[in-house]
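Everything below concerns the one structure shown next.
Protein chains: 2
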Amino acid sequence: MISARIGLCEDDPDLRSVLTRALRAEEFDVRATITGHEAVEVFSASAPDLLVIDIGLPDADGRDVCQALRTHGVTAPVLFLTARDALSDRLAGFHAGGDDYLTKPFALTELIVRVRALLRRSAPATPTAGASGLWLDPAAHAVRCGGQLAALTPTEFRILAALAARPGDVLRRRELTSAAWPDGAIVHANTLDTYIGRLRRKLDLLDGAQHIDTVRGVGYVLR
Amino acid sequence: MISARIGLCEDDPDLRSVLTRALRAEEFDVRATITGHEAVEVFSASAPDLLVIDIGLPDADGRDVCQALRTHGVTAPVLFLTARDALSDRLAGFHAGGDDYLTKPFALTELIVRVRALLRRSAPATPTAGASGLWLDPAAHAVRCGGQLAALTPTEFRILAALAARPGDVLRRRELTSAAWPDGAIVHANTLDTYIGRLRRKLDLLDGAQHIDTVRGVGYVLR
DNA sequence: GGGTCACATGACAGCGACCTGACTGCTCTC
DNA sequence: GAGAGCAGTCAGGTCGCTGTCATGTGACCC
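Those protein sequence lines, which keep their order, are chains A and B.
Using the working numbering, read the first sequence as starting at 1 and increasing by one per residue.
Using the working numbering, read the second sequence as starting at 224 and increasing by one per residue.
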């Protein structure tokens, strides 16, 4: 699968750098911009698959940047970043349009999960986990297989999302841990094993197949 | 695919005529209305797949029309037409649950592009609430199931309408809260729980089935 | 085979999210 | 003012998610 192109617009140098590196670490093709005007110029010329835009840009409101891009025919979903104290329910309307927002401060893992969820939603025709027959449904917080559906807890969902993001690739234990738990969280080594076991049980009830393989000494892989 | 039904509300005869013909030329099934009251009457009776509403209607503000339709259970995305440079209008439009904006004057091709984008984005998320066996009855402020009918209070209706707008999707608590209460309203976290409980009791009396599921740590889902 | 290690699995306690019934206050109508 | 109905809060109970532990199992190396 070709990596998704993500357009980023964030004026704070530190945050911009962190976000860019975090997204690139997840194999995304990131193009970072600093001002709203730059974002409109760059992304209307070559539309990315998803936009991550800070609401509080110095030269323009992030929502106006979005609006301007929409008038240029850019239909990619947008993930807004907003300060918690500036958050109000007025942003809720964006959900109906398929967009999303994240309040600062946020865990990078949360950003990654949201980004993947938005990308998945905007490309509903793309099977999520390759040939595994599994279908991650972020809207339902569940996994589908055939007509069956299994509800997942938040932690189970994050782990399976990380695996499904790169089907066929072996994900190291530390990669999975950092994807499922916030940075700095201390989780017992065995905790991941337990969750893998729970996921396997739920997936097994769906179609009786083995979806998550163990790669001894390395990690796990979704096939 | 059956052509999408588009509800148009525009008082200016020239613009109405141009828009109607342009959309029909794109194979859309257009129903044009002139006043806000007519729009509410017509489109709450037979909800289209998308609404195009002028903000500056003579008898009502387009945002109020949108708001009224939302409380009638109409969940279709809305494209507002508005005068240029009206930032406050934009924000207020999103308050009303609108999904996109177009500032006059605009190119017809822009309109078409964004209509298609909105339809594309909303398509997977808008099966009718009938899939759950429940039917929202805005006129009676009630919910029907089979031949049974349960009266709902206004707040209960708004919550159920929000859930029914996206059956199968988990709605976060904050989404439901912002859908059921006005912006800025401070409601105790537990209040939503209480209303969910009341709704469950009423729905349970209709057919004895469990309609609203809890997704722990996330929100609620109508199935 | 025997030892070691990594992983699998079932059980469990803590905790927080959620559920529920009861209650108060408010508004509207008569 | 009385009554009815709705909205919102509270307290206490229940339930499920989470993370950990103990123990079992299988892979690998010698």
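All C-beta atoms, glycine included, are put in the ideal place defined by N, C-alpha and C.
Just so we're clear, the structure is a prediction, and the values are computed from it rather than from any experiment.
Legend entry - Minimum Cβ-Cβ distance from P154(A) to chain B less than 9 Å: On the first sequence, position 154 is the one that residue 154(A) refers to. It does: the Cβ of P154(A) has a partner Cβ on chain B nearer than 9 Å.
Legend entry - Contacts of A179(A) in chain B (Cβ-Cβ under 7 Å): Counting from 1 along the first sequence, the entry for residue 179(A) is found at position 179. Contact annotation for A179(A) against chain B: no contact, minimum CB-CB distance about 17 Å [criterion: below 7 Å].
Legend entry - Contacts of R439(B) in chain A (Cβ-Cβ under 9 Å): Indexing the second sequence from 1 puts residue 439(B) at position 216. For the C-beta of R439(B), the chain A residues within less than 9 Å are, from N- to C-terminus, T153, P154.
Inset, instruction - Tell me, to the nearest whole angstrom, how far the beta carbon of L199(A) is from that of I212(A); I am working on the premise that it is less than 8 Å. - result: The residue given as residue 199(A) occupies position 199 in the first sequence. The residue given as residue 212(A) occupies position 212 in the first sequence. Sure, about 6 Å apart at Cβ, within 8 Å.
Legend entry - Under the three-state DSSP convention, the category I112(A) falls into: Mapped onto the first sequence, residue 112(A) falls at position 112. I112(A) falls in the helix class under three-state DSSP.
Legend entry - Cut-off 6 Å between Cβ atoms - residues of its own chain near G7(A), not counting five sequence neighbours on either side: Along the first sequence, read from residue 1 onward, the residue named residue 7(A) stands at position 7. Taken in chain order, the residues that qualify are R31, F43, P48, L51.
Legend entry - Per DSSP, the bridge partner or partners of L51(A): By 1-based counting over the first sequence, the position of residue 51(A) is 51. According to DSSP, which records beta bridges pairwise, L51(A) is partnered with G7(A), V78(A).
Inset, instruction - May I ask which residues mark the beginning and end of the alpha helix (DSSP H) holding I419(B)? - result: Here residue 419(B) refers to the residue found at position 196 of the second sequence. First-last of the alpha helix (DSSP H) with I419(B): 412 to 430.
Legend entry - Whole-angstrom distance between R158(A) and S178(A), CA atom to CA atom: As a first step, residue 178(A) must be located in the first sequence, where it is residue number 178. As a first step, residue 158(A) must be located in the first sequence, where it is residue number 158. S178(A) and R158(A) have their C-alpha atoms roughly 10 Å apart.
Inset, instruction - Using beta-carbon positions only, say whether L79(A) and L102(A) come within less than 9 Å of one another. - result: Position 79 of the first sequence, counted from the start, is the residue given in the question as residue 79(A). Position 102 of the first sequence, counted from the start, is the residue given in the question as residue 102(A). Yes, the Cβ-Cβ distance between L79(A) and L102(A) is below 9 Å.
Inset, instruction - Per DSSP, which residues does C66(A) bridge with? Please list them. - result: Looking up residue 66(A) in the first sequence gives position 66. Note: C66(A) sits in no beta bridge, so no partner.
Legend entry - Classification of E233(B) by the beta-carbon crowding that lies within 10 angstroms, buried from 16 upward: The residue given as residue 233(B) occupies position 10 in the second sequence. Per the 10 Å Cβ criterion, buried.
Inset, instruction - Would you mind reading off the limits of the beta strand (DSSP E) that contains V366(B)? - result: Reading the second sequence from its first residue, position 143 is the one you call residue 366(B). Residues 365 to 368.
Legend entry - I186(A) classed as buried or exposed, judged by whether at least 16 other C-beta atoms fall within 10 angstroms: Your numbering for residue 186(A) matches position 186 in the first sequence. Within a 10 Å sphere around the beta-carbon of I186(A) sit fewer than 16 other beta-carbons, which makes this residue exposed.
Legend entry - Environment of H141(A) [buried if 16+ CB atoms lie within 10 Å]: Along the first sequence, read from residue 1 onward, the residue named residue 141(A) stands at position 141. The residue is buried, with at least 16 neighbouring Cβ atoms inside 10 Å.
Legend entry - Distance between S46(A) and L426(B) (C-alpha atoms, nearest Å): For the purposes of this step, residue 426(B) is taken as the residue at position 203 of the second sequence. For the purposes of this step, residue 46(A) is taken as the residue at position 46 of the first sequence. Rounded to whole angstroms, L426(B) to S46(A) spans 49 Å at the Cα level.
Inset, instruction - Note down, in chain order, each residue of its chain lying with its Cβ closer than 7 Å to the Cβ of E38(A), except the 5 sequence neighbours on either side. - result: Position 38 of the first sequence, counted from the first residue, corresponds to residue 38(A). Listed in chain order, the non-local C-beta contacts of E38(A) below 7 Å within the same chain number zero, local neighbours out to five positions each way being set aside.
Inset, instruction - Would you mind telling me which residues of chain B sit closer than 8 Å to A139(A), beta carbon to beta carbon, in chain order? - result: Here the question's residue 139(A) lines up with position 139 in the first sequence. Under the 8 Å cutoff, chain B gives A348, R389, G391, D392, V393.
Legend entry - Endpoints, the alpha helix (DSSP H) within which T378(B) is located: The residue you call residue 378(B) lines up with position 155 of the second sequence. Under the DSSP assignment, T378(B) falls in the alpha helix (DSSP H) whose first and last residues are 377 to 388.
Inset, instruction - Measure the C-alpha to C-alpha separation of G442(B) and T298(B) and round it to an integer number of angstroms. - result: Your numbering for residue 442(B) matches position 219 in the second sequence. Your numbering for residue 298(B) matches position 75 in the second sequence. Answer to the nearest angstrom: the Cα atoms are 19 Å apart.
Inset, instruction - Report the rounded CA-to-CA distance for G440(B) versus R395(B), giving the unit in angstroms. - result: By one-based count along the second sequence, residue 440(B) stands at place 217. By one-based count along the second sequence, residue 395(B) stands at place 172. If I take the Cα positions, the gap works out to 9 Å.
Legend entry - Span of the beta strand (DSSP E), counted from its first residue to its last, around T437(B): Counted from its first residue, the second sequence places residue 437(B) at position 214. Boundaries of the beta strand (DSSP E) around T437(B): 435 to 438.
Inset, instruction - Mark G197(A) as exposed unless 16 or more other C-beta atoms lie within 10 angstroms of its C-beta, in which case mark it buried. - result: Position 197 of the first sequence, counted from the start, is the residue given in the question as residue 197(A). Exposed: under 16 other Cβ atoms inside 10 Å.
Inset, instruction - Just the chain A side, please: which residues come within less than 7 Å of V444(B) by C-beta, in chain order? - result: Taking the second sequence and counting its residues from 1, the one referred to as residue 444(B) is at position 221. Ordered by position in chain A, the residues that pass the 7 Å Cβ test against V444(B) are A140.
Inset, instruction - Could you tell me which residues DSSP puts in a beta bridge with A374(B)? - result: The sequence position of residue 374(B) within the second sequence is 151, counting from 1. DSSP, once it has assigned bridges, lists A365(B) as partnering A374(B).
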